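Report on one structure; see the data block that follows.
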Amino acid sequence: MEESEGRLSKPVAVIACIAMTLFYVAILYVPTLILRLPPPQSYENFMIRRFICAAVCSVASVIFCALVLPMRNGELTYSFEVYGIRSDHFWQAVVFPLFLTSLMYAGSLMLKSMLLLNKWKERRHQYGEPLLGCIKSNLLCFPGQISSVASNVLFWRNFVVAPVTEELVFRACMIPLLLCGEFKASDVIFLCPTFFSLAHLNHVTEIYSRHNYSFLKASMVVGLQLGYTVVFGSYASFLFIRTGNIVAPLVAHAFCNYMGLPVLFVQRKGLVSMAFITGMISFAWLLFPLTQPDLYNENTENCRCWQGYCSWN
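Quick note: the sequence shown, position 242, residue 242 per the UniProt record's numbering, numbers continuous.
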């Protein structure tokens with residue numbers, strides 16, 4: 001494929017990304033507004049309906065990009081690599097980004113560890129239970145806890161459906177479009193999260209109606225969410241561009257959904273603040289070394305990724 005055959009104009013790339021963003025939001029309202037289905041009778045049914053809509057949008061976005069991007073015909077493996085769907089260097093794409101992301105939550109992890117230690121001290125004081133006994137009892141309860149969590153619809157939304165569908169649409173599909181539209185990688189890292197944040201604007205009306213908030217309060221809540229999605233979206237885009245593997249931003253997405261907002265400080269717990277500061281310094285120091293393209297791709301000089309985007313240039 002010649003280089004001239006692998007380019008899109010910038011307006012076409014942007015319009016395609018906007019179209020996917022609007023479709024991602026609009027399809028959530030198709031069952032009630034277009035198909036005229038009755039309102040779901042439970043929250044679980046409501047979420048399952050949304051899961052189906054998000055899955056349809058993801059598949060449609062992948063097909064849409066395959067039609068818009070000038071891919072080479074007859075190379076299925078290459079087509080999957082365009083979306084970062086690769087089987088090679090799988091453990092690197094899981095372990096390194098997960099460790100890097102956990103450094104941002106060093107304060108949160110320290111707080112959780114301190115709370116767990118305090119819980120054990122209380123049990124030891126009340127029941128005289130040793131540390132090993134406490135660990136054993138928690139391990140015995142673990143299978144039941146997993147079963148309970150796995151049957152929770154919020155678990156599937158936060159750790160499966162949302163990470164997979166959002167990373168497919170807003171990273172795997174949009175980033176190749178923007179890079180093929182001759183946007184610089186550094187520009188894409190900040191441009192792509194803009195579309196990602198726009199897809200969350202519909203939360204204003206949902207929070208306004210469901211929680212009976214004032215419009216101003218609902219806007220402030222969603223504004224905070226949008227700020228967080230822009231920051232996370234930039235980080236996820238950076239991971240995808242550097243690694244060329246969709247697994248990297250996916251595991252980071254699931255981990256961030258589990259942890260929530262990072263804990264910066266806790267009153268009378270200086271260790272939490274120290275852990276947060278140390279974690280952020282370590283994160284900044286290791287960000288580029290742990291995302292070097294040659295850790296995830298053996299052929300960085302002749303990269304199979306779309307337009308060579310896994311090389312930093």
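Don't be surprised by glycine CBs; every beta carbon is placed ideally from N, CA and C. It should be emphasised that the depicted structure is a prediction, and the values quoted were computed from it without experimental measurement.
Can you pull the DSSP bridge partners for residue i?
i: residue 266; result: 269
Sort the options by Cα distance to residue i and report the nearest one.
i: residue 193; options: 69, 266 and 235; result: 235
i: residue 52; options: 165, 260 and 233; result: 165
i: residue 98; options: 294, 298 and 286; result: 286
i: residue 22; options: 238, 80, 58 and 38; result: 58
i: residue 249; options: 175, 55, 31 and 181; result: 175
i: residue 48; options: 31, 60, 263 and 36; result: 31
i: residue 178; options: 298, 237 and 230; result: 237
i: residue 199; options: 14, 161, 226 and 280; result: 226
i: residue 100; options: 260, 251, 224 and 184; result: 251
i: residue 65; options: 86, 12 and 45; result: 12
i: residue 156; options: 63, 45 and 114; result: 45
i: residue 336; options: 190, 56, 269 and 41; result: It is not possible to answer for residue 336, since the shown part of the chain is limited to 1 through 313.
i: residue 239; options: 191, 288, 68 and 271; result: 288
i: residue 281; options: 119, 117, 102 and 190; result: 102
i: residue 171; options: 67, 85 and 112; result: 85
i: residue 7; options: 87, 283, 68 and 185; result: 68
Please state if the CB of residue j and the CB of residue i are separated by a distance shorter than 8 Å.
i: residue 228; j: residue 92; result: no
i: residue 188; j: residue 246; result: no
i: residue 20; j: residue 262; result: no
i: residue 258; j: residue 159; result: yes
i: residue 17; j: residue 195; result: yes
i: residue 153; j: residue 24; result: no
i: residue 181; j: residue 9; result: yes
i: residue 260; j: residue 293; result: no
i: residue 96; j: residue 290; result: yes
Below 8 Å on the Cβ atoms is my guess for residue i versus residue j; work out the distance and round it to an integer in Å.
i: residue 163; j: residue 253; result: 4 Å
i: residue 173; j: residue 83; result: 7 Å
i: residue 230; j: residue 54; result: Not really, about 21 Å apart at Cβ, beyond 8 Å.
i: residue 56; j: residue 15; result: Wrong, their Cβ atoms sit about 21 Å apart, outside the cutoff.
Hey, does residue i have any beta-carbon neighbour from chain B nearer than 8 Å?
i: residue 241; result: The chain inventory of the structure shown lacks chain B, comprising one protein chain alone.
**Asked** If you pair each beta-carbon of the region 266-285 with each one of the region 104-120, do three or more pairs fall below 8 Å?
**Response** Because the criterion of three Cβ pairs below 8 Å is met, the region 266-285 and the region 104-120 touch.
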